[in-house]
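Structure first, then comments.
In this note's numbering, the protein residues as written are 168 to 284.
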């Protein structure tokens with residue numbers, strides 16, 4: 168059973184930066200290396216949305232609202248995925264999760280990002 172552990176969230180002022188980390192300690196290394204990964208977020212009263220993806224070949228995609236501000240990366244040896252978030256805006260406030268793409272049925276607890284002055 169895959170389990171993801173997200174960290175790195177916090178309270179930041181508009182224009183600030185955060186770096187989120189996600190580990191998949193129970194995933195077999197070869198499995199992790201062979202799946203596309205993504206960062207998702209869910210704001211209160213909104214549906215969960217896919218924010219960024221990174222393929223096994225490290226090609227990345229981003230939803231329009233975060234392009235040129237967020238950067239996704241992965242370290243297969245550490246079974247980890249990262250999300251560098253710059254120039255944060257209040258509308259980025261959400262609970263952020265990582266998962267495979269498409270998402271598996273196993274979600275971690277997420278990490279809260281709050282952007283407010």
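Where is the CB? At the ideal position from N, CA and C, for every residue including glycine.
In this text the structure is predicted, and so the values were computed from the model without any measurement.
- As the crow flies, the alpha-carbon of residue 233 is around 25 Å from that of residue 200.
- No Cβ-Cβ contact shorter than 8 Å links residue 187 with residue 229.
- Three or more beta-carbon pairs separated by less than 8 Å are not found between the segment 175-191 and the segment 218-229, which leaves the two stretches without contact.
- For the options 274, 275 and 262, the alpha carbon positioned closest to that of residue 281 is the one of 262.
- Counted as a single uninterrupted DSSP element, the stretch harbouring residue 187 is not any alpha helix (DSSP H) but the beta strand (DSSP E) occupying residues 185-190.
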